[in-house]
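**Q** The structure follows.
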Amino acid sequence: MRKTARKTVREAARKTAPATGRDRNPAVDELLPSAVPVRFVAEDGTAVEPPAGRTAPADGELLDAYRRMVLGRRFDRQATALTRQGRLAVYPSSRGQEACQIGGVLALRDADWLFPTYRDSVALVARGLDPAEVLTLLQGGWHCGYDPAAVRVAPQCTPLATQTLHAVGMAEALRRKGEDGVVMAFVGDGGTSEGDFHEALNYAAVRKAPVVFFVQNNRYAISVPLAKQTAAPALAYKGVGYGVRSEQVDGNDLVAVLSVLASAVEYARSGGGPSLVEAHTYRMDAHTNADDATRYREDGEVERWEAADPLARLETYLRGRGVLDDAEVAAAHEAAEAFAAGVRDALNADPEHAPGPMDLFEHVFAEPTPQLREQRDLLASELAAEED
């Protein structure tokens with residue numbers, strides 16, 4: 008009896024043991040990212056042969072993306088200037104990451120949801136949000152200056168990776184309601200070291216939630232370089248262990264970013280489940296205006312990445328295809344200047360409804376907790392005493 012039992016256990020173990028190199032489960036290959044980042048356009052703007060099965064977006068889409076990238080970069084420069092002038096409390100620039108910002112937004116439909124980080128203001132502007140409302144958080148007015156439900160954009164998230172869990176919750180809600188909406192969660196390389204990120208991946212995979220985790224790997228979590236964050240060969244491999252289909256892409260190649268993200272979004276929309284896409288990019292400016300990046304990186308490193316500038320790369324590529332000419336370039340920059348002037352005017356004007364002390368307690372909970380009501384009443388009494 009004992010020999011029979013041991014034999015049964017051995018047979019069961021063989022059936023459930025990990026596959027060897029000779030009989031590996033094909034499903035594993037479907038999860039693995041490309042050995043090198045997907046690329047359509049080289050640093051000098053010339054076309055390269057993309058991986059098999061990858062198709063480039065139409066020229067019209069790329070021309071639209073170019074215009075949005077020009078506008079996004081000008082907006083980013085204007086926001087940085089407004090910070091120096093004291094109109095913004097802080098601003099985390101995304102210069103150099105425009106291909107990620109614009110590519111992520113253009114891969115979505117209006118009915119899809121975006122869950123951004125504090126560094127993704129350019130993406131929100133590209134989504135069509137009022138720039139003054141986008142900058143309300145960074146101005147120090149409100150935690151969120153726009154209506155998330157109306158624009159289907161969650162509040163910009165400052166804590167690392169907490170938005171990934173919220174994104175999975177929204178994706179699960181859309182699925183249960185029978186909607187074909189997809190959720191995209193932006194996250195930085197530093198966020199992938201947080202527990203929330205891993206919990207989100209695991210739950211999304213188990214539920215087959217229609218969510219795309221888009222990691223903008225800009226090489227630094229504030230001042231901590233990637234090599235001190237992880238020993239993984241690429242952040243894209245972090246999805247494989249949870250059963251999440253993963254890919255890595257040249258994050259400064261808009262053509263590749265849009266192609267890969269469009270595929271991931273369609274996979275989620277069709278019921279395939281979540282995807283993790285890592286974009287290899289670079290943060291050209293400091294972490295925020297309060298950071299001194301020269302303390303932890305050298306000028307030569309920045310110069311090398313300047314040569315891979317996503318905007319210049321796309322412009323050269325489109326000119327080579329005959330899609331873009333001098334007149335189109337001039338028109339894009341003229342529109343960007345006009346947009347920047349509007350941002351200046353909006354931020355230089357005094358707000359119509361400046362938040363007051365009691366507004367601290369608004370929009371925290373749908374129904375205030377006893378503790379929140381107690382704190383609110385205490386502050387109200389203190390303010391009333393000061394007036395007396």
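In this text, residue positions in the sequence shown follow our numbering: the first is 8, and each later residue adds one. Even glycine gets a Cβ: it sits at the ideal position worked out from N, Cα and C. Bear in mind the structure is a predicted one, so any value in this text is a computation, not a measurement.
Do residue 335 and residue 69 count as a contact pair if the criterion is CB distance below 9 Å?
**A** No, they are not a contact pair.
**Q** Going by the beta-carbon positions, is the gap between residue 33 and residue 243 smaller than 9 Å?
**A** Not a contact, by the Cβ cut-off of 9 Å.
**Q** In whole angstroms, what is the alpha-carbon distance linking residue 47 and residue 111?
**A** Taking the straight line joining both Cα atoms gives about 17 Å.
**Q** Using a Cβ-Cβ cutoff of less than 8 Å, which residues in the same chain neighbour residue 158 once the five nearest sequence positions on both sides are dropped?
**A** If we look at residue 158 and ignore the five residues flanking it on each side, its Cβ neighbours are 134, 135 and 136.
**Q** Grab the span of the alpha helix (DSSP H) containing residue 170 for me, first residue to last.
**A** Looking at the DSSP string, the run of the alpha helix (DSSP H) that includes residue 170 is 169-183.
**Q** Buried or exposed: which applies to residue 184, given that a residue is buried once 16 or more other Cβ atoms fall within 10 Å of its Cβ?
**A** Burial call: exposed.
**Q** For residue 251, which residues in the same chain have their Cβ closer than 8 Å to its Cβ, ignoring the five residues on either side in sequence?
**A** Around residue 251: 38, 208, 211, 212, 220, 280, 281, 282 and 283.
**Q** Under the DSSP definition of a beta bridge, which residues are partnered with residue 257?
**A** In the DSSP output, where bridge partners are listed per residue, residue 257 has 287.
**Q** Please return the same chain residues whose Cβ sits closer than 6 Å to the Cβ of residue 201, not counting the five positions on each side in sequence.
**A** Once the five neighbours on either side are set aside, the close Cβ partners of residue 201 are 167 and 168.
**Q** Any chance you could list the beta strand (DSSP E) runs of at least 3 consecutive residues sitting entirely within the region 75-159, in chain order?
**A** You should have 120-122.
**Q** Express the C-alpha separation of residue 230 and residue 23 in angstroms, rounding to a whole number.
**A** Any answer about residue 23 is weak, because its pLDDT of 49 lies below 50 and its placement is not dependable; what the coordinates show is given next. About 44 Å.
**Q** CB residue 105 to CB residue 83, shorter than 9 Å?
**A** Against a cut-off of 9 Å, the Cβ pair of residue 83 and residue 105 comes out as a contact.
**Q** Runs of 4 residues minimum, wholly inside the region 312-380: which ones carry the alpha helix (DSSP H) assignment?
**A** Counting only runs of 4 or more, we get 317-327 and 333-355.
**Q** Within this structure, are the beta carbons of residue 343 and residue 81 separated by less than 9 Å?
**A** Yes.
**Q** Go through its chain and collect everything with a Cβ distance to residue 322's Cβ below 8 Å, but skip five positions before and after it.
**A** For residue 322, where only same-chain residues beyond five positions count, the Cβ hits under 8 Å are 52, 73, 331 and 336.
**Q** Is it right to say residue 311 is buried, meaning 16 or more other beta carbons lie within 10 angstroms of its own, or is it exposed?
**A** Residue 311 should be labelled exposed.
**Q** Taking residue 204 as part of the alpha helix (DSSP H), name the residues at either end of that continuous run.
**A** 202-214 is the span of the alpha helix (DSSP H), which, as asked, contains residue 204.
**Q** Quick one: is residue 235 buried, meaning 16 or more other Cβ sit within 10 Å of its Cβ, or exposed?
**A** The residue in question, residue 235, is exposed, as its Cβ has fewer than 16 Cβ neighbours within 10 Å.
**Q** In whole angstroms, what separates the C-alpha of residue 150 from that of residue 305?
**A** Cα to Cα, the separation comes out at about 35 Å.
**Q** Indicate whether residue 130 and residue 146 have their beta-carbon atoms separated by less than 9 Å.
**A** Against a cut-off of 9 Å, the Cβ pair of residue 146 and residue 130 comes out as no contact.
**Q** Could you compute how far the alpha carbon of residue 79 sits from the alpha carbon of residue 132?
**A** Their Cα atoms are separated by approximately 7 Å.
**Q** Between residue 223 and residue 193, which are expected to be in contact by the criterion C-beta below 8 Å, what is the C-beta distance as a whole number of angstroms?
**A** About 7 Å; that satisfies the 8 Å criterion.
**Q** Measure from the alpha carbon of residue 44 to the alpha carbon of each residue in 308, 339 and 286, then state which is nearest.
**A** Residue 286 is the option with its Cα nearest to residue 44.
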